[in-house]
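Residue numbers (full-length UniProt numbering): 1 to 295. Heads up, the beta-carbon is just placed ideally off N, CA and C, and yes, glycines get one too.
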């Protein structure tokens with residue numbers, strides 16, 4: 001089955017699955033929330049920043065649909081504001097990791113020899129160090145570095161660290177795909193006709209190698225969102241005055257037994273819904289793009 005036929009078959013398979021449709025709608029919902037927060041709340045998440053005294057959190061009400069926290073901040077507003085840094089960080093990390101991994105995997109699989117040896121050994125070195133441990137160590141070292149309060153500023157350090165330890169899986173996957181694709185008949189024919197290595201790699205080998213890798217993207221985005229939440233929960237991910245679901249979960253955990261569980265419930269439900277939906281999409285996309293299952 002060619003690429004067009006495989007994609008058509010994958011689309012037909014995915015659109016018939018109710019769980020995939022629901023998961024896609026949930027992801028779309030959060031994407032719209034990140035892009036247009038004013039559609040969901042007119043309250044600023046920083047409207048309570050001038051408060052110094054701790055207050056008793058308020059429960060759900062007309063003025064605050066999801067209640068307020070100990071500083072009087074609207075929980076809905078902070079929850080909506082927390083979507084953008086989490087999603088932006090995930091897309092930046094996965095996009096950059098995909099670019100690095102695909103490039104190195106392509107070079108390693110096509111040229112083999114010293115290029116393959118050097119890239120493969122580098123991958124092994126990075127794989128030895130657990131991602132979460134490396135992120136905890138490196139972000140702790142730069143915890144006091146102030147890069148600014150903009151959306152891109154607050155995600156810069158976590159993005160660099162996560163990219164550094166997130167590209168290896170793509171590189172290994174692409175390398176294996178390239179080893180298989182470069183020996184196909186049409187690639188051999190192009191080589192015999194005098195096509196350059198660059199043309200063969202990017203015109204003939206890469207499209208076949210990258211296609212299956214796209215199935216890894218939703219799951220990778222889910223993993224980055226979860227990792228960012230853990231790092232922010234520990235105080236070394238996205239840092240105030242910005243907010244994220246991890247920060248809100250950390251603050252809400254103090255009030256679970258204090259009569260205000262709503263502070264924790266809202267961001268926790270959002271985090272679980274987003275991660276679970278992306279995992280469902282990733283698993284479904286992987287199965288749909290598998291030629292053995294699509295046949």
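Buried versus exposed call for residue i [16 or more other C-beta atoms within 10 Å across all chains shown]
| i | result |
| --- | --- |
| residue 196 | exposed |
| residue 114 | exposed |
| residue 69 | buried |
| residue 143 | exposed |
| residue 124 | exposed |
| residue 304 | Outside the modelled stretch of the chain, which goes from 1 to 295, sits residue 304, for which no answer is possible. |
| residue 32 | exposed |
| residue 188 | exposed |
| residue 289 | buried |
| residue 285 | buried |
| residue 175 | buried |
| residue 128 | exposed |
| residue 130 | exposed |
| residue 269 | exposed |
| residue 35 | exposed |
| residue 118 | exposed |
| residue 139 | buried |
| residue 218 | buried |
| residue 236 | buried |
| residue 15 | exposed |
Residues bridged to residue i [DSSP beta-bridge criterion]
| i | result |
| --- | --- |
| residue 68 | 74 |
Distance between residue j and residue i (C-alpha atoms, nearest Å)
| i | j | result |
| --- | --- | --- |
| residue 172 | residue 135 | 22 Å |
| residue 20 | residue 283 | 10 Å |
| residue 279 | residue 158 | 22 Å |
| residue 203 | residue 110 | 13 Å |
| residue 299 | residue 245 | Nothing can be reported for residue 299: it is not among the residues displayed for the chain, which extend from 1 to 295. |
| residue 28 | residue 251 | 27 Å |
| residue 238 | residue 103 | 29 Å |
| residue 193 | residue 184 | 15 Å |
| residue 228 | residue 141 | 17 Å |
| residue 177 | residue 263 | 46 Å |
| residue 13 | residue 212 | 16 Å |
| residue 201 | residue 249 | 46 Å |
| residue 99 | residue 281 | 21 Å |
| residue 208 | residue 112 | 18 Å |
| residue 287 | residue 230 | 29 Å |
| residue 137 | residue 122 | 20 Å |
| residue 210 | residue 161 | 24 Å |
Beta-carbon proximity list for residue i, same chain, < 6 Å, skipping 5 on both sides
| i | result |
| --- | --- |
| residue 220 | 94 |
| residue 247 | 232 |
| residue 277 | 23, 26 and 27 |
| residue 242 | 85 and 154 |
| residue 90 | 221, 224 and 225 |
| residue 266 | 66, 75 and 79 |
| residue 30 | 83 and 274 |
| residue 92 | 159 |
| residue 105 | 171, 174 and 175 |
| residue 87 | 34 |
| residue 190 | 200 and 204 |
| residue 101 | 167, 170 and 171 |
| residue 116 | 108 |
Own chain, CB closer than 7 Å to residue i, minus 5 neighbours either side, in chain order
| i | result |
| --- | --- |
| residue 179 | 109 |
| residue 120 | 108 |
| residue 126 | 165 and 168 |
| residue 18 | none |
| residue 96 | 163 |
Residues of its chain near residue i, where Cβ-Cβ distance is below 8 Å and the 5 sequence neighbours each way are ignored
| i | result |
| --- | --- |
| residue 261 | 252 and 255 |
| residue 145 | 157 |
| residue 214 | 285 and 289 |
| residue 39 | 32 and 33 |
| residue 240 | 247 |
| residue 37 | 80, 81, 83 and 84 |
Cβ-heavy atom distance, residue i to the ligand HEM, below 6 Å
| i | result |
| --- | --- |
| residue 230 | This structure does not include the ligand HEM; it has no bound ligands of any sort. |
Chain D contact for residue i (CB, 7 Å cutoff)
| i | result |
| --- | --- |
| residue 205 | Reference to chain D is not applicable here, since this structure consists of a single protein chain. |
Any alpha helix (DSSP H) of 4 or more consecutive residues that is wholly inside the stretch 167-215: 168-181, 185-192 and 206-213
Please specify which runs of the beta strand (DSSP E), each continuous and at least 3 residues long, are wholly inside the stretch 77-140, giving them in chain order. none
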